[in-house]
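Visitor: Using the UniProt record's numbering, read the sequence shown as starting at 1 and increasing by one per residue. Sharing a structure below in structure tokens format, with a few things to ask.
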Amino acid sequence: MIALDDRSGDSRYEAISYCWEEPPETESLICNGQNIYIRPNLERALRHLRLPDRTRILWADAICINQQNIQERNYQVSIMSLIYRCSERVIVWLGEASNTTEQAIEFLNKLADADKIFRRDLPENMLVKHVLYWKELREFLSVDGGPFQQHQPGPVNSLNQLMQRSWFERLWVVLEATSARDILILCGKFSIPWHRFCYAIDFSYKVGIVDYSRTKLASACRFPFYLRFWPNADLDLLYLVQAYRYAKCTDPRDKIFALLGLRFLTHLNCMKSLRDEFASLDITPDYEIGVVELYKHFAYKVIETKGHLDILSVIGLYPLQTPGLPSWVPDWAPSKHVVPLLRYTRPGNLLGLYCSSSKSRTDPRLISHQVLVLNGFMYDTIIQVADECREIKEDSFKPVCPTIVKFTLRSLWDYGYPYWEEIYSSQKLFAQWDYLALTVVSGSRHDAMDEYWQTLICASKYDISCLGEVFGNDMTEIELRAIFYIWFRWRVFTRLAYRLGPRYFSLPLFIVCIILNILWATAWGPTHYNRFLFFTETRTRRLARTKKGHLALMVGGARPGDAIALFEGGKVPLVIRPTGQGTWRLLGDGYVHGIMKGEAWDKEKCEKIYLE
């Protein structure tokens, strides 16, 4: 038995951070003279960590916590951060090594060394970087190809494979890795210290070698990773819950409980504000409480204590998995990556683009633990919607690029055939969006085009200077408008085909149109013809037109007849639908061009609105 407050030095132990993986518990282990059963991944970790000549004290949750005893589980989870903080070292077990693991670890060590040597001279201009800077770096790293050859055999591909390990998407990583004083990453017999891993990954991202937003590092591992570079960030609880709602955990209640332990990390300056927020929520780990009750309590307490409605911006972006939730309560259970309108540029730093209710504060009330009462008013009504934009993979457009350089029907078929269905769907969707956006009753086409591209990026042209920290470059209004026109022009023939009518917009006609588009695109900078999509916020949303003539980007569930409401404490408009019983159902938020800065806000119009 080891006490966490033992200062004698005799209670040294190491904690294991690992993935449980799928049941059942098939491996036998003798603990305190009794047989217990554990899952294969933990058994393999213990075999690798066992020392041949001396005792090694290890802590693993599946062994040290009786998962069947709710009271013990509640207590152990409440002190989880202390368990990892007091350990001599945390050992991250990624699993058995593969045939590319050794190369990946060697490459990480080279990247960590390169960070010390090359970071200071890192050029801001991408073109200069590729022509001058990349040559020396490539030789140092022993990389044969350019930075974007991520799918060919070699160290970059090996690193990408390592980053796909399940450990990187675990939610409990946030607590375990942040609490630890020292971390060793172990994959089979290969290892790398945590600090070198962090510097290696950060440098690889900055020079464009590895886009870790496409790997599982973009999940829970991101928080402890960022804290190394922003130790004094003023963290926000809502940021943490939103940012890691798509990380994975076995119990959906852990989407909240796994973050509560951060309040004990007094050694981090950035945790002070979090400790105050946790205290105001009055939540402690309790696995006897239901998921619905926990999520409901959390949502209401956040709204009540913060005085704003930011938490409602994650509603409607993905299908619900937890039945019985009121419409105003976010479902944190789905492990799906979505981007709300209210974006953070880094941990705790909310990008202040919107203030549709002029920085007012909300005073909520809860009726019968079910109905949320807010002050607001109905501003507008949706009268027309386009189809929802599903996730569009960037890779689906890249295979067509070689055909622009050397165009033949054969090369078009070879490169494009596997992606025709996805390209066809996206081209048809944006042709429909073009038609809705540019069919204007009043005003010029130039004004409509300006309104269109600003709606797609969910920011007015006056806000573009604020977006540099989000996108990683300082794009001017002129530059952003220019790449929008390139994206718009290269789709001219599919747009014309769409206007002929749905029955004419068939796959054969589309193939002809895409060929014409490619030929046309060569005159408008083909290497950038699809770049504009990088700046948009269209995924899981649909373009809409309102009764007052506003162009809007709404959640996928929005339909004609839904109301657009402005609420006290709301930075963005909310889409609501009547239930027929005097209450309203919340569908999600939306960008409505022309009212995001409080232009339509009128406190005198506010009345009680009941959401259930």
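Heads up, the beta-carbon is just placed ideally off N, CA and C, and yes, glycines get one too. If you're wondering where the values come from, they're calculated on a predicted model, not measured in any experiment.
Specify the secondary structure class of N99 as computed by DSSP and reduced to three states.
Guide: Here the question's residue 99 lines up with position 99 in the sequence shown. If DSSP states are grouped into helix, strand and coil, N99 belongs with coil.
Visitor: Is the beta carbon of L429 sitting closer than 8 Å to the one on D363?
Guide: Residue mapping note: residue 429 aligns to position 429 of the sequence shown, counting from 1. Residue mapping note: residue 363 aligns to position 363 of the sequence shown, counting from 1. Taking 8 Å as the Cβ cut-off, L429 and D363 do not qualify as a contacting pair.
Visitor: Applying the criterion that 16 or more other CB atoms from any shown protein chain within 10 Å of the CB defines a buried residue, is C198 buried or exposed?
Guide: Within the sequence shown, numbered from 1, the residue matching residue 198 stands at position 198. So C198 counts as buried.
Visitor: Determine, using beta carbons only, whether A558 and V572 come nearer to each other than 8 Å.
Guide: Here the question's residue 558 lines up with position 558 in the sequence shown. Here the question's residue 572 lines up with position 572 in the sequence shown. Not a contact, by the Cβ cut-off of 8 Å.
Visitor: Would F148 be called buried (16 or more neighbouring beta carbons within 10 Å of its own) or exposed?
Guide: Sequence index remark: in the sequence shown, residue 148 carries index 148 (1-based). A caution first: F148 carries a pLDDT of 44, below 50, which makes its placement in the model unreliable, though a value can still be read off. With fewer than 16 Cβ atoms within 10 Å of its Cβ, F148 is classed as exposed.
Visitor: Taking Cβ positions only, does D447 come closer than 8 Å to chain B?
Guide: Note that chain B does not occur in the displayed structure, where there is just one protein chain.
Visitor: Could you pull out every unbroken alpha helix (DSSP H) segment of at least 4 residues lying fully inside the segment 6 to 83, listed in chain order?
Guide: Counting whole runs of 4 or more residues, the segment 6 to 83 contains the alpha helix (DSSP H) stretches 40 to 49, 61 to 64, 70 to 78.
Visitor: How would you label F71, buried or exposed, when you count the other beta carbons within 10 angstroms and need 16 or more for buried?
Guide: Taking the sequence shown and counting its residues from 1, the one referred to as residue 71 is at position 71. The identity of residue 71 in the sequence shown is Gln, whereas the question assumes Phe. Flag for Q71 reads exposed.
Visitor: Consult DSSP for I564 and reduce its assignment to one of helix, strand or coil.
Guide: Position 564 of the sequence shown, counted from the start, is the residue given in the question as residue 564. Residue state, collapsed to three classes: strand.
Visitor: Touching or not, the segment 432 to 439 and the segment 480 to 499, by the rule of three or more beta carbon pairs under 8 Å?
Guide: Yes, the segment 432 to 439 touches the segment 480 to 499.
Visitor: Quick one: give me the first and last residue of the beta strand (DSSP E) that L186 is part of.
Guide: As a working note, residue 186 is residue 186 in the sequence shown. It spans 183 to 187 - the beta strand (DSSP E) in which L186 sits, taken as one unbroken run.
Visitor: Taking Cβ to Cβ, would you say residue 640 is nearer than 8 Å to T579?
Guide: Past the boundaries of the shown model lies residue 640; the chain is included only from 1 to 612, so the question cannot be answered.
Visitor: What are the residues that DSSP puts in a beta bridge with M378?
Guide: Translated into the one-based positions of the sequence shown, residue 378 becomes position 378. Answer by DSSP bridge pairing, in chain order: A565.
Visitor: Put P330 into one of helix, strand or coil per three-state DSSP.
Guide: The sequence position of residue 330 within the sequence shown is 330, counting from 1. Looking at P330 - three-state DSSP - the assignment turns out to be coil, as it is neither helix nor strand.
Visitor: Can you give the Cα-Cα distance for N109 and L265, rounded to whole angstroms?
Guide: Within the sequence shown, the letter at position 109 stands for residue 109. Within the sequence shown, the letter at position 265 stands for residue 265. If I take the Cα positions, the gap works out to 29 Å.
Visitor: Determine the contact status of W59 and Y13, defining contact as a CB-CB distance below 8 Å.
Guide: As a position in the sequence shown, residue 59 is number 59, starting the count at 1. As a position in the sequence shown, residue 13 is number 13, starting the count at 1. Cβ atoms of W59 and Y13: closer than 8 Å.
Visitor: Whether or not the segment 374 to 385 and the segment 543 to 561 are in contact is what I'm after, with contact meaning three or more pairs of Cβ atoms, one per stretch, closer than 8 Å; do they touch?
Guide: Verdict: yes, contact present.
Visitor: For K547, which residues in the same chain have their Cβ closer than 7 Å to its Cβ, ignoring the five residues on either side in sequence?
Guide: Here the question's residue 547 lines up with position 547 in the sequence shown. Excluding sequence neighbours, K547 sits near D380, T381, I383.
Visitor: Would you give the residue range spanned by the alpha helix (DSSP H) that L281 belongs to?
Guide: Along the sequence shown, one-based indexing puts residue 281 at 281. Its alpha helix (DSSP H) spans residues 272 to 281.
Visitor: Which stretch, first to last residue, makes up the beta strand (DSSP E) that contains A544?
Guide: Translated into the one-based positions of the sequence shown, residue 544 becomes position 544. Segment 541 to 546, the beta strand (DSSP E) holding A544.
Visitor: Less than 6 Å between C-beta atoms, sequence neighbours within five positions excluded: which residues of the same chain meet that for D251?
Guide: Numbered from 1 along the sequence shown, position 251 holds the residue referred to as residue 251. Same-chain partners within the cutoff: there are none.
Visitor: Determine whether the beta carbon atoms of K296 and P326 lie at a separation below 8 Å.
Guide: As a position in the sequence shown, residue 296 is number 296, starting the count at 1. As a position in the sequence shown, residue 326 is number 326, starting the count at 1. A contact, by the Cβ cut-off of 8 Å.
Visitor: Report the option in L141, D236, E169, Y287 whose CA atom is closest to the CA atom of F203.
Guide: Locating residue 203 in the sequence shown gives position 203, counting from the first residue. The option with the nearest alpha carbon to F203 is L141.
Visitor: Return the CA-CA distance between Y354 and V339, expressed in angstroms with no decimal places.
Guide: Numbered from 1 along the sequence shown, position 354 holds the residue referred to as residue 354. Numbered from 1 along the sequence shown, position 339 holds the residue referred to as residue 339. Roughly 15 Å between the two C-alpha positions.
Visitor: Considering only the alpha carbon of each residue, which of I185, I609, S358 lies closest to R165?
Guide: Indexing the sequence shown from 1 puts residue 165 at position 165. Comparing Cα positions, the closest option is I185.
Visitor: Between D115 and D331, what straight-line distance do the alpha-carbon atoms span, to the nearest angstrom?
Guide: Taking the sequence shown and counting its residues from 1, the one referred to as residue 115 is at position 115. Taking the sequence shown and counting its residues from 1, the one referred to as residue 331 is at position 331. Cα-Cα distance, rounded: 40 Å.
Visitor: Out of R50, K206, A104, state which residue places its alpha-carbon closest to the alpha-carbon of R120.
Guide: Counting from one through the sequence shown, the residue named residue 120 turns up at place 120. The shortest C-alpha separation from R120 is found at K206.
Visitor: Name the residue from I303, I65, V92, R275 whose alpha carbon lies nearest to the alpha carbon of P193.
Guide: Mapped onto the sequence shown, residue 193 falls at position 193. P193 has its Cα closest to that of V92, out of I303, I65, V92, R275.
Visitor: Identify, in the order they occur along the chain, each residue of the same chain with its Cβ nearer than 6 Å to the Cβ of A431, setting aside the five sequence neighbours on each side.
Guide: Along the sequence shown, one-based indexing puts residue 431 at 431. Contacts found: T494, R495, Y498.
Visitor: Using 10 angstroms around the beta-carbon of R253, count the other beta-carbons present and answer buried if the total reaches 16, otherwise exposed.
Guide: The residue you call residue 253 lines up with position 253 of the sequence shown. Per the 10 Å Cβ criterion, buried.
Visitor: Whole angstroms are fine: how far does the CA of G556 sit from the CA of G316?
Guide: One-based indexing of the sequence shown puts residue 316 at position 316. One-based indexing of the sequence shown puts residue 556 at position 556. If I take the Cα positions, the gap works out to 7 Å.
Visitor: Is I311 closer than 8 Å to A299 when the C-beta atoms are compared?
Guide: To locate residue 299, count along the sequence shown from 1; it is residue 299. To locate residue 311, count along the sequence shown from 1; it is residue 311. Going by C-beta atoms, A299 is nearer than 8 Å to I311.
Visitor: Just the Cα atoms here: how many angstroms apart are R181 and Y318?
Guide: Translated into the one-based positions of the sequence shown, residue 181 becomes position 181. Translated into the one-based positions of the sequence shown, residue 318 becomes position 318. Going by the C-alpha atoms only, they are around 37 Å apart.
Visitor: Which residue wins for smallest C-alpha separation from R85, given the options L350, C249, L262?
Guide: One-based indexing of the sequence shown puts residue 85 at position 85. R85 has its Cα closest to that of L262, out of L350, C249, L262.
Visitor: Who are G588's beta bridge partners in DSSP?
Guide: Here the question's residue 588 lines up with position 588 in the sequence shown. According to DSSP, which records beta bridges pairwise, G588 is partnered with V575.
Visitor: Assuming S358 and W601 are in contact, meaning their beta carbons sit under 8 Å apart, how far apart are those beta carbons, in whole angstroms?
Guide: As a working note, residue 358 is residue 358 in the sequence shown. As a working note, residue 601 is residue 601 in the sequence shown. Indeed, because the Cβ distance is near 5 Å, the residues count as touching under 8 Å.
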